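Notes follow the structure.
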Amino acid sequence: MNRSLRPLVATALIFAIAYALAVMQFPSMFSTRVLGNFLTDNAFLGIAAVGMTFVILSGGIDLSVGAVIGFTGVLVAVLISWLGLHPLLAFAIAIIVAGAFGAIMGLAIHYLQVPAFIVTLAGMFLARGGASVITRDSVPINHEFYAWISDLTIRLSGGGRLSVIGLTMVAIFIIGALLAHRTKFGSYVYALGGNPVSASLMGVPVARTTVAIYALSSILAAISGIVFSLYTSAGYPLAAVGVELDAISAVVIGGTLLTGGYGFVLGTFIGVMLLGLVQTYIIFDGTLSSWWTKIVIGILLFLFIVLQRLIFVASAPGEKTSKA
Amino acid sequence: MAETGYALEARGIVKIFGNHVALDKVDFGLRPGEVHALLGENGAGKSTLIKILTGAYQPTLGDVIVDGAPVTLNNPQHAQTYGIGTVYQEVNLLPNRSVAENLYLGHQPTWFGFVDRRKMERDARTVLARYGLDIDPSSELGAHSVAVQQIVAIARAVELSGKVLILDEPTASLDRNEVERLFDIIRDLKAQGLAVVFITHFLDQVFAIADRVTILRNGKLIDTKSLDNLTRTDVVRLMLGKDIAFSGATQLEENRPLGEVLLDFKGYGKKRSVMPFNLTIHKGEVVGVAGLLGSGRTEMARIMFGADSADEGTVSVAGKPTSISKPTDAIAHGFGFCPEDRKAEGIFGDLSVRENIVIALQGKLGWFSALTRDEQMEIAGRYGESMDIRAASLDMPIKLLSGGNQQKAILSRWLATDPTFLILDEPTRGIDVGAHAEIVRTINRLRDEGLALVVISSELDEVVAYSSRIVVMRDRELVAELNGENINPGVIVQAIANHKDGVQA
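Structure representation (structure tokens):
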């Protein structure tokens, strides 16, 4: 276990140092207001990243996440604004649709033995295309439920606010961590990431687990899409383009091995917060182009890939020649 | 049902793949409290029979009988519910998870849907103690040696099934002490009344541990016998259906004159891998390399071939100093290398036998002179025949071939490049007796044709049989070079075992 903890510790350290440096430059960054906004602004990314963590832990990848967020946003907006459904009903429909969508991708990955990359790439085009077919424009949502949710916040001392969507993300991280680390399903996910052949010989229900993983990822992407629609009060078919890549970055920066089998849900949380920190810093600075975010993410990613390489390859245990 | 007393029985099993009869009316009975060795050349039907007994395959005809009642086994998990557990040659566990989880995966104790890790680890500790393992159940499995992993695999199989344990070549990657440890465990389990099926290529081990033996040949049952009144020769004869003269331990025929010097390694080594060694290799000689696992044998082979690059010393080929820092250098000099881990480093599993054979030659020819399909077929066909590669078609994926035939194909791959120097790392590991003899014959033939060979092998009898000279590795150091009369297992063992004041012959 120790080895897989190391990237997590590294991420936590980097976050702590980066945050301390940022606070030294802009003391106002250390406030409940900024922290509350951290959670709110990154909620949709965080929720999607939880699903991505499961997918990557199992040794797969899900490129459809951003498109599913966009599709869900449009679907929810259309159901509420055009068809007059209650938002909660619209949410349920969106989650069911996304769950089925993810399950079908999982089935294709398992039964057709097609790489997850290709299947979810197809899923990405389908979802993005589907959203654009429904509408080309942004569909605003004006429903009292939306207004009510947006006003529903916990005020913290120091002017910070914990929003419903921020808390939703935190709750999903906690549930995700329990699911990954404390249930049989979680152990199956790690088993698939470790060695799918062994896993199936050991009696892991590979088909069921694979389907569940991709369904879970799509469901979380749908929740993320709902959160995004709450955040923007609209549904737009081109929303959240590339979020899957941000999610993958957050997962990897959070210490999960891209080839699967090692990692922690908590690491992803720190990864998301680290990405959020970079953005917040750039906003505070005000003179830097927001594209610097991408450069910093690129550097961080590269750093973590190197770090994992060092930890997992240099200290690879059980080498055949190390006995005798 | 009529006769009982068998924990697991297969009666009149017929298994047909397409129009190939893999098993032809095979009977197999396993008593509780016995270790039953299952022997046969590759392709004899051992693995098919095992797969039927574990539910991986369904028999075309015949019954699998558990405790006197015929059963249908749908898959290995289903077989497990009947008490049949299997441990495979390659440890099929999860190196990335804890030892405890590997023991209980899928059967973890839960508490309101959550895995009760503490109870699981406590249980694991108790179970492991029974196998003489005192390791932390929460530690990562991959951090332990292959032997420990193998024991964990056995513990899992026994915990989850508990009546029949099928061991499919469990000792293939263990060294002597580890094998002993494994055997102690098997004896314990046997004393507890478990029925154990033991599959191996090592006859010594069969005689050391098994009570009875069942021999298959070409899908037919030859015999099931008690080992008490069988000799090794009997067993081999039954397996092969003919007498083969074991060339083991014969004195080297004549003292052949040494050919000219082909290779000269001086102070050649790599830090943290192999200490600098001096070795001169002549044309037309076989240099045997002996030593325990981990003694630096493979590392030496790798730096000779440039798979790892040496960081000190010099090498000259045919008198001219040169450098071999990558395999392409080595191949340009006419070297060939058959690695130890055939599956991972030798074959291209999904490519055909033909492609596997021509690939090194193509690599040598370069990008711009592709071999036509006809040329490929011609080359592959030639070696397929001369090496006696048994494949239904040379266009079938090589991974479907048995280990012995894969090894012959890899040898053919290098022979096609018309090499001057071949390095064979454990060329006979995990292959059946027939293919074994074929490979030993090939080594002798190549030597007579003037090739220089370096052959690494753990089987002393075998090294002795074909080597003109033997170098002994110990602790990553070349410690002795044996010639003439000193080439016998006794001296080698002494050289391996001795410390510092080793025999310098």
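In the order they appear, the protein sequences are chains A and C. Be aware that the first sequence starts at 1, since it is given in our numbering, and climbs by one per residue. Be aware that the second sequence starts at 1001, since it is given in our numbering, and climbs by one per residue. Idealized CB from N, CA, C, for every residue including glycine. Keep in mind it's a predicted model, so treat the numbers as computed, not measured.
How about residue 1467 of chain C and residue 1426 of chain C: are their beta carbons less than 8 Å apart? Working through the second sequence from its first residue, we reach residue 1467 of chain C at position 467. Working through the second sequence from its first residue, we reach residue 1426 of chain C at position 426. No.
Using DSSP with H/G/I as helix, E/B as strand and the rest coil, what is residue 1082 of chain C? For the purposes of this step, residue 1082 of chain C is taken as residue 82 along the second sequence, with counting starting at 1. Reduced to three states, the DSSP call for residue 1082 of chain C is coil.
Just the chain C side, please: which residues come within less than 9 Å of residue 111 of chain A by C-beta, in chain order? Within the first sequence, numbered from 1, the residue matching residue 111 of chain A stands at position 111. Result: empty, since nearest Cβ-Cβ is about 16 Å, beyond 9 Å.
Less than 8 Å between the CB atoms is what I'm expecting for residue 1442 of chain C and residue 1387 of chain C, so what's the real figure, rounded? Position 442 of the second sequence holds residue 1442 of chain C. Position 387 of the second sequence holds residue 1387 of chain C. The pair is a contact, with the Cβ atoms about 7 Å apart (cut-off 8 Å).
I need the boundaries of the beta strand (DSSP E) containing residue 1473 of chain C, first residue and last residue. Here residue 1473 of chain C is taken as the residue at index 473 of the second sequence, counted from 1. Per DSSP, residue 1473 of chain C belongs to the beta strand (DSSP E) from 1469 to 1474.
Using a Cβ-Cβ distance under 8 Å, would residue 191 of chain A count as near chain C? Against the first sequence, residue 191 of chain A aligns to sequence position 191. At least one chain C Cβ lies under 8 Å of residue 191 of chain A.
Would you call the segment 1192 to 1200 of chain C and the segment 1118 to 1132 of chain C touching, i.e. three or more CB-CB distances under 8 Å? no
Measure the C-alpha to C-alpha separation of residue 169 of chain A and residue 100 of chain A and round it to an integer number of angstroms. Taking the first sequence and counting its residues from 1, the one referred to as residue 169 of chain A is at position 169. Taking the first sequence and counting its residues from 1, the one referred to as residue 100 of chain A is at position 100. Each residue's alpha carbon lies about 22 Å from the other.
For a quick check, are the C-beta atoms of residue 1060 of chain C and residue 1015 of chain C less than 8 Å apart? The residue given as residue 1060 of chain C occupies position 60 in the second sequence. The residue given as residue 1015 of chain C occupies position 15 in the second sequence. Yes. Within cutoff.
Return the CA-CA distance between residue 103 of chain A and residue 132 of chain A, expressed in angstroms with no decimal places. Position 103 of the first sequence, counted from the first residue, corresponds to residue 103 of chain A. Position 132 of the first sequence, counted from the first residue, corresponds to residue 132 of chain A. Residue 103 of chain A and residue 132 of chain A: Cα-Cα distance of roughly 22 Å.
Kindly give me the distance between the Cβ atoms of residue 1592 of chain C and residue 1199 of chain C, rounded to whole angstroms, as I take these residues to be in contact under 8 Å. Residue 1592 of chain C lies beyond the range of chain C shown here (1001 to 1505); nothing can be said about it.
Anticipated Cβ contact below 8 Å, residue 1164 of chain C with residue 1023 of chain C, distance rounded: In the second sequence, residue 1164 of chain C corresponds to position 164, counting from 1. In the second sequence, residue 1023 of chain C corresponds to position 23, counting from 1. With a Cβ gap of about 19 Å, residue 1164 of chain C and residue 1023 of chain C do not count as contacting.
Taking residue 1453 of chain C and residue 1469 of chain C to be in contact with their CB atoms under 8 Å, please state how far apart those CB atoms are, rounded to whole angstroms. Taking the second sequence and counting its residues from 1, one reaches residue 1453 of chain C at position 453. Taking the second sequence and counting its residues from 1, one reaches residue 1469 of chain C at position 469. Residue 1453 of chain C to residue 1469 of chain C, Cβ: 11 Å. No contact.
May I have the straight-line CA-CA distance separating residue 1359 of chain C from residue 1269 of chain C, to the nearest angstrom? Counting from 1 along the second sequence, the entry for residue 1359 of chain C is found at position 359. Counting from 1 along the second sequence, the entry for residue 1269 of chain C is found at position 269. Distance between the alpha carbons of residue 1359 of chain C and residue 1269 of chain C: 29 Å.
Listed in chain order, which residues of the segment 197 to 214 of chain A have Cβ atoms closer than 8 Å to some Cβ of chain C? 197, 198, 199, 201, 202, 203 and 204
is_contact[residue 1017 of chain C, chain A] using C-beta, thresh 8 Å: Mapped onto the second sequence, residue 1017 of chain C falls at position 17. It does not: the Cβ of residue 1017 of chain C has no partner Cβ on chain A nearer than 8 Å.
In angstroms with no decimal places, state the Cα-to-Cα distance between residue 1399 of chain C and residue 1357 of chain C. Working through the second sequence from its first residue, we reach residue 1399 of chain C at position 399. Working through the second sequence from its first residue, we reach residue 1357 of chain C at position 357. Roughly 13 Å between the two C-alpha positions.
7 Å Cβ cut-off: residues of chain A touching residue 1049 of chain C: As a working mapping, residue 1049 of chain C is identified with position 49 in the second sequence. Per Cβ cutoff of 7 Å: no residues; residue 1049 of chain C is ~18 Å from chain A at best.
List the residues of chain A whose Cβ lies closer than 8 Å to the Cβ of residue 1060 of chain C, in chain order. The count along the second sequence starts at 1 and reaches residue 1060 of chain C at position 60. Neighbours of residue 1060 of chain C on chain A: none; closest Cβ ~24 Å, over 8 Å.
Under 8 Å Cβ-Cβ, which residues of chain C neighbour residue 268 of chain A? Position 268 of the first sequence, counted from the first residue, corresponds to residue 268 of chain A. Chain C residues near residue 268 of chain A: none, gap ~18 Å exceeds 8 Å.
If you check the beta carbons only, do residue 60 of chain A and residue 109 of chain A fall under 8 Å apart? On the first sequence, residue 60 of chain A is found 60 positions in, with the first residue counted as 1. On the first sequence, residue 109 of chain A is found 109 positions in, with the first residue counted as 1. Yes, Cβ-Cβ distance for residue 60 of chain A and residue 109 of chain A is below 8 Å.
Taking the alpha-carbon positions, what's the residue 1486 of chain C to residue 1492 of chain C distance? The residue labelled residue 1486 of chain C in the question sits at position 486 within the second sequence. The residue labelled residue 1492 of chain C in the question sits at position 492 within the second sequence. Approximately 8 Å, taken between the alpha carbons.
Using a threshold of 8 Å, state whether the C-beta atoms of residue 1189 of chain C and residue 1170 of chain C are closer than that. Taking the first residue of the second sequence as position 1, residue 1189 of chain C is located at position 189. Taking the first residue of the second sequence as position 1, residue 1170 of chain C is located at position 170. Result no, Cβ atoms of residue 1189 of chain C and residue 1170 of chain C do not sit closer than 8 Å.
For the candidate residues C:1329, C:1185, C:1157 and C:1435, whose alpha-carbon lies nearest to that of residue 1086 of chain C? One-based indexing of the second sequence puts residue 1086 of chain C at position 86. When each option's Cα is compared against that of residue 1086 of chain C, the closest is C:1157.
How would you list, in chain order, the residues of chain C whose beta-carbon sits under 8 Å from the beta-carbon of residue 58 of chain A? Locating residue 58 of chain A in the first sequence gives position 58, counting from the first residue. In chain order: nothing, as chain C lies at least about 12 Å away.
With DSSP as the reference, label residue 1477 of chain C as helix, strand or coil. Locating residue 1477 of chain C in the second sequence gives position 477, where the first residue counts as 1. Residue state, collapsed to three classes: strand.
So residue 1308 of chain C packs on residue 1271 of chain C, CB below 8 Å; how close in whole Å? In the second sequence, counting from the first residue as 1, residue 1308 of chain C sits at position 308. In the second sequence, counting from the first residue as 1, residue 1271 of chain C sits at position 271. Not confirmed; about 11 Å, so no contact.
Touch check for the segment 1215 to 1233 of chain C and the segment 1053 to 1069 of chain C: three-plus C-beta pairs under 8 Å? no
Taking the alpha-carbon of residue 1101 of chain C as reference, which of C:1180, C:1138 and C:1475 has the nearest alpha-carbon? Within the second sequence, residue 1101 of chain C is the residue found at index 101, counting from 1. Checked all of C:1180, C:1138 and C:1475; the closest Cα to residue 1101 of chain C is C:1138.
Can you find a C-beta in chain C that's less than 8 Å from the C-beta of residue 261 of chain A? By 1-based counting over the first sequence, the position of residue 261 of chain A is 261. Chain C contact via Cβ: present.
Quick one: using the 10 Å Cβ neighbour count with 16 as the cut-off for buried, is residue 1249 of chain C buried or exposed? Counting from one through the second sequence, the residue named residue 1249 of chain C turns up at place 249. Confidence at residue 1249 of chain C is low in this model, with a pLDDT of 41, below 50, so the placement of that residue is unreliable and no value is reported for it.
Output the boundary residues of the beta strand (DSSP E) element that contains residue 1217 of chain C. To locate residue 1217 of chain C, count along the second sequence from 1; it is residue 217. Looking at the DSSP string, the run of the beta strand (DSSP E) that includes residue 1217 of chain C is 1212 to 1217.
Between which residues of its own chain and residue 1345 of chain C is the CB-CB distance below 6 Å, once the five residues before and five after are set aside? As a first step, residue 1345 of chain C must be located in the second sequence, where it is residue number 345. Only 1339 meet the Cβ criterion.
Just reading off the beta strand (DSSP E) that residue 1268 of chain C is part of, what are its end residues? On the second sequence, residue 1268 of chain C is found 268 positions in, with the first residue counted as 1. Its beta strand (DSSP E) spans residues 1261 to 1270.
Residue span of the beta strand (DSSP E) that contains residue 1222 of chain C, given as start and end: As a working note, residue 1222 of chain C is residue 222 in the second sequence. That run of the beta strand (DSSP E) goes 1220 to 1226.
Strictly below 7 Å CB to CB, what residues from chain A border residue 1101 of chain C? Numbered from 1 along the second sequence, position 101 holds the residue referred to as residue 1101 of chain C. Within chain A, the residues near residue 1101 of chain C are 187.
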